[in-house]
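Worksheet: the structure to be examined is printed underneath.
Numbering (the numbering used here), first residue to last: 46 to 286.
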């Protein structure tokens with residue numbers, strides 16, 4: 046019987062309510078036999094709104110990811126849109142590590158589509174653009190649109206946030222020549238269904254995509270290990286003859 050897959054969903058901020066929100070989305074995306082476990086940072090910023098907070102979160106994510114592996118996780122999802130700590134964490138563990146920005150951009154650009162990103166954090170716009178370059182999507186990313194108004198006020202009111210994100214999604218659909226729109230943030234994912242119901246373009250929700258990509262990587266990793274074991278067994282068999 047195939048063992049249950051365990052995925053650690055790492056929220057890079059210290060807000061447990063945000064973890065719970067993303068965990069619900071992740072569980073809806075996961076097929077039977079996959080256990081998603083949310084992890085909230087013990088300290089640090091409750092909301093990542095600038096590059097200083099992003100850098101602080103990166104260090105915490107590496108520590109949390111190492112612990113998740115030791116606790117038996119089969120894969121890790123970094124559930125912050127800047128994918129903080131992802132590169133260093135990959136070097137530190139032996140299980141697949143997936144970022145929601147990585148997965149979201151991959152899905153948004155699928156089939157050579159041009160896409161835009163809608164988000165709420167003006168101080169992270171440059172970081173988002175750099176992340177697109179890092180993942181090889183700079184030619185596909187046409188624009189990063191920001192909601193209008195105070196970020197904290199927008200983020201703390203789901204109705205206001207959803208309407209603000211829809212407004213810039215429609216603006217992008219009309220003006221950017223894109224074929225998909227990516228929601229730029231884990232906490233923003235709760236607005237995805239509303240935006241998708243009102244937008245003329247496909248809306249890509251990054252938490253869902255992060256979970257699906259992580260699961261596919263677990264299966265790919267398992268197949269590699271099995272192939273390696275089979276080759277090792279064959280070599281031992283040859284040696285015995």
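By construction, the Cβ of each residue, glycine as well, lies at the ideal position given by its N, Cα and C atoms.
Computed from a predicted structure; not experimentally measured.
Check                                                                                                               : Outcome
As assigned by DSSP and simplified to three states, the class of residue 71                                         : helix
Secondary structure of residue 213, DSSP reduced to three states                                                    : helix
Whole-angstrom C-beta distance between residue 58 and residue 102, which should lie under 8 Å                       : 7 Å
The alpha helix (DSSP H) enclosing residue 197, as first and last residue numbers                                   : 196 to 200
Rounded straight-line distance, which links the Cα of residue 169 to that of residue 134                            : 21 Å
Simplified DSSP state of residue 264, which is helix, strand or coil                                                : helix
Runs of beta strand (DSSP E) lying entirely within the segment 93 to 157, each at least 3 residues, in chain order  : 120 to 123, 142 to 144
C-alpha gap between residue 272 and residue 266, whole angstroms                                                    : Because the pLDDT at residue 272 is just 49, under 50, the model does not fix this residue reliably, and the point stays unresolved.
Secondary structure of residue 279, DSSP reduced to three states                                                    : Residue confidence is low: residue 279 scores 41 on pLDDT, short of 50, so the model does not pin down where it sits. No coordinate-derived value is stated.
7 Å Cβ cutoff met for residue 180 and residue 147                                                                   : yes
Inter-residue Cα distance where the pair is residue 76 and residue 258                                              : 12 Å
Residue 250 classed as buried or exposed, judged by whether at least 16 other C-beta atoms fall within 10 angstroms : buried
Residue 59 (DSSP reduced to helix, strand or coil)                                                                  : coil
Cα-Cα separation, residue 115 to residue 174                                                                        : 33 Å
For residue 194 and residue 94, the rounded distance between their alpha carbons                                    : 14 Å
Extent of the continuous beta strand (DSSP E) run through residue 161                                               : 160 to 164
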